[in-house]
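Under UniProt numbering, the sequence shown has 386 at position 386, and the numbering climbs by one with no breaks.
Structure first, then comments.
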Amino acid sequence: MRIGVVGSGYVGLVSGACFADFGHDVVCVDNDEAKTAALRAGKVPIFEPGLDALIERNVAAGRLSFTTDLASTVAGSDVVFIAVGTPSRRGDGHADLTYVEAAAREIGKAIEGFTVVVTKSTVPVGTGERVEEIIRDANPDADFAVVSNPEFLREGAAIEDFKRPDRIVIGSDDPRALEVMREVYRPLFLNKSPLVEMNRASAELAKYASNAFLATKIAFINEIADLCEKTGADVQNVAHAIGLDKRIGPKFLNAGPGYGGSCFPKDTLALLKTAQDYDVPQLIVESVVSSNDKRKRAMGRRIVHAIGDMARGKKVAILGLTFKPETDDTRDSPAIAIIQALQDAGANVSAYDPQGTDQARQVLSNVDYCTSPYDAAENADAIVIVTEWDEFRALDLSRIRDQLRDLVLVDLRNIYHRTEVERLGMKYVAVGR
Ligand code: UDX
Numbered sequence: 001m002r003i004g005v006v007g008s009g010y011v012g013l014v015s016g017a018c019f020a021d022f023g024h025d026v027v028c029v030d031n032d033e034a035k036t037a038a039l040r041a042g043k044v045p046i047f048e049p050g051l052d053a054l055i056e057r058n059v060a061a062g063r064l065s066f067t068t069d070l071a072s073t074v075a076g077s078d079v080v081f082i083a084v085g086t087p088s089r090r091g092d093g094h095a096d097l098t099y100v101e102a103a104a105r106e107i108g109k110a111i112e113g114f115t116v117v118v119t120k121s122t123v124p125v126g127t128g129e130r131v132e133e134i135i136r137d138a139n140p141d142a143d144f145a146v147v148s149n150p151e152f153l154r155e156g157a158a159i160e161d162f163k164r165p166d167r168i169v170i171g172s173d174d175p176r177a178l179e180v181m182r183e184v185y186r187p188l189f190l191n192k193s194p195l196v197e198m199n200r201a202s203a204e205l206a207k208y209a210s211n212a213f214l215a216t217k218i219a220f221i222n223e224i225a226d227l228c229e230k231t232g233a234d235v236q237n238v239a240h241a242i243g244l245d246k247r248i249g250p251k252f253l254n255a256g257p258g259y260g261g262s263c264f265p266k267d268t269l270a271l272l273k274t275a276q277d278y279d280v281p282q283l284i285v286e287s288v289v290s291s292n293d294k295r296k297r298a299m300g301r302r303i304v305h306a307i308g309d310m311a312r313g314k315k316v317a318i319l320g321l322t323f324k325p326e327t328d329d330t331r332d333s334p335a336i337a338i339i340q341a342l343q344d345a346g347a348n349v350s351a352y353d354p355q356g357t358d359q360a361r362q363v364l365s366n367v368d369y370c371t372s373p374y375d376a377a378e379n380a381d382a383i384v385i386v387t388e389w390d391e392f393r394a395l396d397l398s399r400i401r402d403q404l405r406d407l408v409l410v411d412l413r414n415i416y417h418r419t420e421v422e423r424l425g426m427k428y429v430a431v432g433r
């Protein structure tokens, strides 16, 4: 198959590289000339384990290339994936479809022969119809079908998720398009990943419903964690006990500082906007969004409480700025909200993250960014683990203790045992335990 991927962002690059690795001929298009030139020179603009090597291998094999020339890519493709960004629209939380619509218009003008146009970006239900209209307006003679094929990959595990997905969702009623999509995903299909076909609206909504459900699990266990703290229960035991019920499942039941990232916060908001448009209340998702927002602020207060309810003039060391490990992404990261809350309360903040410092710097300037956990801890009144990077699981706690001014460890990811911390004479504050 000849595949064009429009948008060399997170989803576009991972999908493009993986499709090429399946043996397809893939061209990734982006209108950012600098980014495209960098990719051509072998520089991958995002941090994702394994992606550099995957791109290098497929470029060398002649199956993957990068260009800014959308028209000739589309003309030479059997399938064109739209993988441009759909950020939250400023002001109202709707998904901003400007980039999707612009891509559709350009694609429409360039189509030659039967072409399957696939929305891979997360787009609100009904967008496929809109894309179809735009293409038809731009090119009334075009022979094409618009398919929804949402992507469920997680940052930090994107390649694994792409190559071994729980399912592949294809939304289309067009037999020719379905045939093409089965061919695109044939290697995964042969690998027994279920390919589920449905109409386009169902596929579009499945992505939002999936993210909203996962966000619900997290918000739920976080509220149960609060109850555990008051009652002497341990949330890790509670999560283990409930997760063994196959109807519930053990994953996404880790209590923490609240979910962040580029998907859950944005997609839950967009789902609520769609619900408003159709006048179908989504009370559960509404509560999840508000519970998660409150939680991030509550974590700031928890830290202030741990340092004696007086933050002014004190120093707090933050370990972890990204919303999760194995990424450099700090979008909607709990760490950012927590640092802002601490600064508002008058604290000075030092921080260390293995990958997220550059992104964090763009949002938060008044932070002392350090190059190791031990530097960050120097003369701090508390050290706070916000992201569970592997390197924070094996800290030299006595060295940390010797750096601190006051001996407080706030572990918002529950990666230490109370006894090992308290044995060193430190105060230990965890979540739900
Ligand atoms: C998510 C979905 O998992 C993925 O399927 C979708 O395509 C995009 O959104 P991602 O945002 O990359 O992926 O990260 P994920 O691993 O799902 O974590 C999201 C947030 O939830 C993180 O802030 C994480 O720390 C938090 N989380 C996750 C918890 O607090 N507890 C958990 O048990 C799991």
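Even glycine gets a Cβ: it sits at the ideal position worked out from N, Cα and C.
No experiment lies behind these values; they were computed from the predicted model shown.
Local conformation of residue i per DSSP, three classes
i: Ser398; result: helix
i: Gly432; result: coil
i: Phe66; result: strand
i: Asp52; result: helix
i: Cys28; result: strand
i: Thr115; result: strand
i: Ser72; result: helix
i: Glu391; result: helix
i: Tyr185; result: coil
i: Gly4; result: strand
i: Ser77; result: coil
i: Glu155; result: coil
i: Asp411; result: strand
i: Ala103; result: helix
i: Ser121; result: coil
i: Gly16; result: helix
i: Ala38; result: helix
i: Lys230; result: helix
i: Gly171; result: strand
i: Ile134; result: helix
i: Lys163; result: helix
i: Lys207; result: helix
i: Phe47; result: coil
i: Lys427; result: strand
i: Phe213; result: helix
i: Phe144; result: strand
i: Val421; result: helix
i: Ile218; result: helix
i: Leu244; result: coil
Beta-carbon proximity list for residue i, same chain, < 8 angstroms, skipping 5 on both sides
i: Gly425; result: Arg401 and Leu407
i: Tyr286; result: Note that residue 286 is Glu in the sequence shown, not Tyr. Around Glu286: Leu272.
i: Arg405; result: Lys315, Asn379, Ala380 and Asp381
i: Glu15; result: It should be noted that the sequence gives Ser, not Glu, for residue 15. Same-chain partners within the cutoff: Val5, Phe81, Ala83, Lys120, Glu151 and Phe162.
i: Ser291; result: Ala219, Asn222 and Glu223
i: Ala275; result: Pro281, Gln282 and Val285
i: Tyr10; result: Ile46, Glu48, Glu155, Ala158 and Ser262
i: Glu101; result: Arg130, Val131 and Ile134
Same chain, Cβ closer than 6 angstroms to residue i, neighbours up to 5 away in sequence not counted
i: Phe19; result: Ile3 and Val26
i: Gly99; result: According to the sequence provided, residue 99 is Tyr. The question's Gly does not apply to it. Within the same chain, Tyr99 has close Cβ partners Val84 and Gly85.
i: Ala255; result: Ile221, Asn222, Ala225, Val235, Val431 and Gly432
i: Ile242; result: Ile248
i: residue 435; result: What the structure shows of the chain is the stretch from 1 to 433, and residue 435 is not part of that stretch, so it cannot be assessed.
i: Leu397; result: Leu424
i: Ala212; result: Thr268, Leu271 and Val285
i: Thr327; result: Glu155 and Gly156
i: Gly50; result: Ile159
i: Val304; result: Ala311 and Ala345
Neighbour flag for residue i against chain B, beta carbons, 8 angstroms
i: Asp381; result: Of the protein chains in the structure, only one exists, and it is not chain B.
Close beta carbons around residue i, own chain, < 7 angstroms, minus the five adjacent residues each side
i: Asn139; result: Gly108, Lys109 and Ile111
i: Thr67; result: Val27, Val29, Thr36 and Thr73
i: Ser202; result: Gly171
i: Val386; result: Pro257, Ile318, Leu319, Gly320, Pro334, Ala335, Ile338 and Leu412
i: Tyr369; result: Ala351, Thr357 and Arg361
i: Gly113; result: Asp143
i: Pro354; result: Trp389 and Glu391
Contact test: residue i Cβ vs ligand 3 heavy atom, cutoff 7 angstroms
i: Phe162; result: Ligands displayed in this structure: ligand 1; ligand 3 is not among them.
Should the segment 372-382 be called in touch with the segment 311-323, which here means at least 3 C-beta pairs below 8 angstroms? yes
Are three or more beta carbon pairs between the segment 182-201 and the segment 162-172 nearer than 8 angstroms? yes
Can you check the segment 265-324 for any alpha helix (DSSP H) of at least 4 residues that lies completely inside it and give the ranges in chain order? 283-306
So which residues touch the region around ligand 1, with touch meaning a C-beta under 5 angstroms from any heavy atom? Phe152, Arg154, Glu155, Ile218, Phe252, Asn254, Gly256, Tyr259, Gly260, Gly261, Cys263, Phe323 and Lys324
Check whether the segment 86-96 and the segment 44-54 touch, using three or more Cβ-Cβ pairs below 8 angstroms as the test. no
Using a Cβ distance threshold of 8 angstroms, determine whether the segment 74-81 contacts the segment 112-121, with at least three qualifying pairs required. yes
Could you check whether the segment 196-212 touches the segment 231-239, counting it as contact only if at least three pairs of C-beta atoms, one from each stretch, sit closer than 8 angstroms? no
Is there contact between the segment 290-300 and the segment 334-342, where contact requires at least three CB pairs shorter than 8 angstroms? yes
Unbroken beta strand (DSSP E) runs of length 3 or more, entirely within the segment 314-378: which are they? 315-319 and 348-352
Just checking, does the segment 341-352 make contact with the segment 172-188 on the three C-beta pairs under 8 angstroms criterion? no
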